[in-house]
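I have placed the structure first, in the form of structure tokens, so that the comments after it can refer back to it.
2 protein chains.
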Amino acid sequence: MAAIVERRLFGPGPTNPYPEATAGLARPLLGHLDPVFVAMMDETCDRLRTVWGTANTRTLPLSATGSAGMEAAFVNTVHPGDVVVVAVNGLFGQRMCEVAARCGAEVVAVEHPWGTPLDPERVVAAHPSPAIVAAVHAETSTGVRSDIAALGAAVRDAGDALLLVDAVTSIGGIELRADDWGIDIGYAGTQKCLGVAPGLAPFTISDRAFARRVERPRSWYLDLGLLGGYVGEAGATGAAGRTYHHTAPTAMVSSLHAGLGRILDEGLEAVWARHAAAGQALQDGLEARGLELFAAAGARLPELTTVRVPGGVDSAAVRRALLERYDIEIGAGAGEFASTVWRIGLMGPNASPASVALLLAALDDVLG
Amino acid sequence: MAAIVERRLFGPGPTNPYPEATAGLARPLLGHLDPVFVAMMDETCDRLRTVWGTANTRTLPLSATGSAGMEAAFVNTVHPGDVVVVAVNGLFGQRMCEVAARCGAEVVAVEHPWGTPLDPERVVAAHPSPAIVAAVHAETSTGVRSDIAALGAAVRDAGDALLLVDAVTSIGGIELRADDWGIDIGYAGTQKCLGVAPGLAPFTISDRAFARRVERPRSWYLDLGLLGGYVGEAGATGAAGRTYHHTAPTAMVSSLHAGLGRILDEGLEAVWARHAAAGQALQDGLEARGLELFAAAGARLPELTTVRVPGGVDSAAVRRALLERYDIEIGAGAGEFASTVWRIGLMGPNASPASVALLLAALDDVLG
Chain P
562 MAAIVERRLF GPGPTNPYPE ATAGLARPLL GHLDPVFVAM MDETCDRLRT VWGTANTRTL
622 PLSATGSAGM EAAFVNTVHP GDVVVVAVNG LFGQRMCEVA ARCGAEVVAV EHPWGTPLDP
682 ERVVAAHPSP AIVAAVHAET STGVRSDIAA LGAAVRDAGD ALLLVDAVTS IGGIELRADD
742 WGIDIGYAGT QKCLGVAPGL APFTISDRAF ARRVERPRSW YLDLGLLGGY VGEAGATGAA
802 GRTYHHTAPT AMVSSLHAGL GRILDEGLEA VWARHAAAGQ ALQDGLEARG LELFAAAGAR
862 LPELTTVRVP GGVDSAAVRR ALLERYDIEI GAGAGEFAST VWRIGLMGPN ASPASVALLL
922 AALDDVLG
Chain E
562 MAAIVERRLF GPGPTNPYPE ATAGLARPLL GHLDPVFVAM MDETCDRLRT VWGTANTRTL
622 PLSATGSAGM EAAFVNTVHP GDVVVVAVNG LFGQRMCEVA ARCGAEVVAV EHPWGTPLDP
682 ERVVAAHPSP AIVAAVHAET STGVRSDIAA LGAAVRDAGD ALLLVDAVTS IGGIELRADD
742 WGIDIGYAGT QKCLGVAPGL APFTISDRAF ARRVERPRSW YLDLGLLGGY VGEAGATGAA
802 GRTYHHTAPT AMVSSLHAGL GRILDEGLEA VWARHAAAGQ ALQDGLEARG LELFAAAGAR
862 LPELTTVRVP GGVDSAAVRR ALLERYDIEI GAGAGEFAST VWRIGLMGPN ASPASVALLL
922 AALDDVLG
């Protein structure tokens, strides 16, 4: 058998998991109807409510990766012909347009330059009465944070559209307050700031969005109407209260449960502060070396830094050298910036002074 | 923190994982574009080809549970109005009808009594020119094995319909020869006889089925046209050859890779023989105690035994006592047999003389 490599995952995700999350994966497996698992699932949903900043009953980990969370968000809420306004400032906004269109939406894309945050006024002005306004909180492709609180206020002022938000790269890393900001439908991933392996999509939907849902969506697997019983919606307790829908990925749920426990033990605001400090230290260090940050000043994510590849430097060669010499993974850019930008993530347990120090030292070596 | 319980998972799935699979889960996490992970994914797909009995290029682990495999099978192959004949002899045949209908199929359900295998002649006679004929190889709800080789021959004789097969509870436990039997589209789960935690759906599709696929299916997440690049279809090697589609659940893939390695080291036919021996020993032991098996003689799955609850016995109380006294999980019946049948699985590492001995001794105690 080949040697087992141990990487420092400083790319745009997955990150290295919290040790508690790894222990949760390897814990003796439970059946999905075991009363111990049922209690663990209930507690996991409670913990997810805390990191989402929501009281939504329908808050649960979907049994697939974050991209399936996006699909669940649209497939359950887009009725044929609905107007969906999508704020696009990167790859994941583009993907929202594609997924919404496949669900039968009339998509109105509001394009912004990559590297800049969305403009709430432009988004709201794009259509007088959309059914849904959709946006990405933290664009993984560009390292940009958008102001969802401002967007939520603008959407509410303009009418009664539902607000649908991608929180894949924000949840557990920066401030996220779904209820305060008016998020009706939110999806995320486990493999970024939550510090858990990829494989689940934390999801939340408000009562008002659920009331407008598609009754029999094209997807059976992601049908929120059927999934309610699966997690014991409305306070049902004990295995007797569960409807079998599909076999829950129990090892992944156990890992998420443990990872969230670690975050809440540290304190959610303390975790945000740790991400903020690590990101700032990295960005300061890069600029001190004469490197140019890509994301607009004032809208930079601490957990995901984008930096321009210096002129004359081979982007892929640097990434390869970091991997081979230091077991460090960083990401290429996305889309047209694939070879001109690097993406460097400091997420979950990697949001630490040690990660910043190691990464800057390794870059100093590799960039010569 | 509450004590960690360790269960013997003798229900209809999940089963206890092979130790190699658990070790694979806890292995240091890899990024989904890491060359080490890419090589592991390629090898996983190769190993899946062996357990499926197929040479199909498009053989891969989908990033969700077995039920999503069912959805992927239909969403990629059902064009609106297509006639889909479904052999129904249990819960999962019923579910196929629902999922196919949501994809726009005209469903022709061919009902069989629960506990009996499907009748290939009746299935083929149900419609003169279906686009797809669908069937469950091993019905998890009833413990019945159907003869897919005979169905495949009948379907080929009758026309050019595609054969779509659910192998969730058969793969890695009993004979399965996708290519020899004419299976065009197959999906499975990891948490049964493959002895891996739930969370992935091993999937295979033939070239001829892929050529007839839906070009832009309603599901983006499960779109096989997009997923080809994700696994390096057609022999592309190295990270440079991969198209980013979604973040692969790398811990689960690592676990599946290791579990499959264990099975192939033992030898696939030896693994089938081990399941056959354990199931026979259990079924003999149950009958020797005067208990009545539910599935029809000649069509009983060794990996999943269904047995009638004796008159006057409280089904749930027995299951609870097994769990509380022995940490043993067995399953209730499905559908109308929920309280009159038990489902007992001996899958993956649990297909062993030790499991049979423990289970029979515990039943002797609990049944008094």
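Chains as they are written, first to last, in the working numbering: chain P, 562 to 929; chain E, 562 to 929.
Beta carbons are placed, not taken as given, at the ideal position from N, Cα and C, and that holds for glycine.
Nothing here was measured: the structure is a model prediction, and the numbers come from that model.
Where the beta strand (DSSP E) containing residue i begins and where it ends
i      : result
E/I746 : I746 to Y748
P/T804 : That residue, P/T804, is in no beta strand (DSSP E); it is neither H nor E in DSSP.
P/R619 : R619 to L623
E/F764 : A762 to I766
E/T701 : Run containing E/T701: none; DSSP gives neither H nor E here.
P/I905 : V902 to G906
E/V646 : V644 to V649
P/L865 : L865 to R869
Test item: CB-CB of residue i and residue j under 9 Å
i      : j      : result
P/A666 : P/V684 : no
E/Y782 : E/S624 : yes
E/T763 : E/P622 : As written in the sequence, residue 763 of chain E is Pro, which differs from the Thr given in the question. Yes, the pair counts as a contact, with Cβ atoms nearer than the cut-off.
E/P863 : E/G750 : no
P/G756 : P/L725 : no
E/V694 : E/L737 : no
E/R568 : P/P589 : yes
E/E853 : E/R869 : yes
P/P575 : P/P691 : no
E/A587 : P/A587 : yes
P/I766 : P/D745 : yes
Rounded C-alpha distance that separates residue i from residue j
i      : j      : result
P/L865 : P/F571 : 9 Å
E/A634 : P/A923 : 46 Å
E/N637 : E/R619 : 13 Å
E/A719 : E/A686 : 9 Å
P/S859 : P/V902 : A small correction: the amino acid at residue 859 of chain P is Gly; Ser does not occupy that position in the sequence shown. About 19 Å.
E/A505 : E/A912 : A question about residue 505 of chain E goes unanswered here, because the residues of chain E that appear run from 562 up to 929.
E/T752 : E/D926 : In the sequence on display, residue 752 of chain E carries Gln and not Thr. Near 28 Å, if we compare the C-alpha coordinates of E/D926 and E/Q752.
P/A770 : E/L883 : 43 Å
E/R835 : E/V917 : 12 Å
E/L787 : E/A893 : 39 Å
E/P778 : E/G851 : 52 Å
E/Y791 : E/L785 : 10 Å
E/T798 : E/V597 : Because E/T798 sits at a pLDDT of 40, beneath the cut-off of 50, its placement in the model cannot be relied upon, and the point is left open.
E/L817 : E/P578 : 10 Å
P/V874 : P/G630 : 37 Å
P/A670 : E/P674 : 52 Å
P/R881 : P/G896 : 20 Å
P/M813 : P/L761 : 7 Å
P/R803 : E/A856 : 26 Å
E/P573 : E/V729 : 11 Å
Where the alpha helix (DSSP H) through residue i begins and ends
i      : result
P/G789 : L785 to Y791
E/A670 : Unbroken run through E/A670 is the beta strand (DSSP E), E667 to E672; no alpha helix (DSSP H).
E/I693 : No alpha helix (DSSP H) holds E/I693; the beta strand (DSSP E) holding it covers I693 to V697.
P/L723 : No alpha helix (DSSP H) contains P/L723, which is instead part of the beta strand (DSSP E) from L723 to D727.
P/W675 : Counting along the chain, P/W675 falls outside any alpha helix (DSSP H), and DSSP gives it neither H nor E.
E/T811 : T811 to E827
Supposed close pair residue i, residue j - CB separation, criterion 8 Å
i      : j      : result
E/T677 : E/V705 : 7 Å
P/S628 : E/H807 : 4 Å
E/A715 : E/P681 : 4 Å
E/G846 : E/L907 : The pair is not a contact, with the Cβ atoms about 11 Å apart (cut-off 8 Å).
P/G651 : P/E700 : 4 Å
P/T583 : P/T703 : About 30 Å; that fails the 8 Å criterion.
Contacts that residue i makes with chain P (C-beta to C-beta distance below 7 Å)
i      : result
E/T583 : A587
E/W781 : E632, E659, V660 and R663
E/P578 : L590
E/G572 : G592
Neighbour list for residue i in chain E, Cβ cutoff strictly below 8 Å
i      : result
P/I565 : R588 and P589
P/M657 : The premise fails here: P/M657 is roughly 10 Å from chain E at the closest Cβ pair, so nothing lies under 8 Å.
P/Q844 : The premise fails here: P/Q844 is roughly 22 Å from chain E at the closest Cβ pair, so nothing lies under 8 Å.
P/T811 : P575, A758 and P759
9 Å Cβ cut-off: residues of chain P touching residue i
i      : result
E/S624 : A625, T626, S628, A629, P759 and G760
E/R568 : P589, L590, L591, G592, D595 and V597
Partners in chain E for residue i, counting only beta-carbon separations shorter than 9 Å
i      : result
P/E890 : L591, G592, L594 and D595
P/T638 : Under the 9 Å cutoff, chain E gives no residues; its nearest Cβ is about 14 Å from P/T638.
Residues that residue i contacts on chain E, provided the C-beta gap is smaller than 7 Å
i      : result
P/H807 : T626 and S628
Contact set between residue i and chain P, taken where Cβ atoms lie within less than 8 Å
i      : result
E/R777 : R663
E/Q752 : T808
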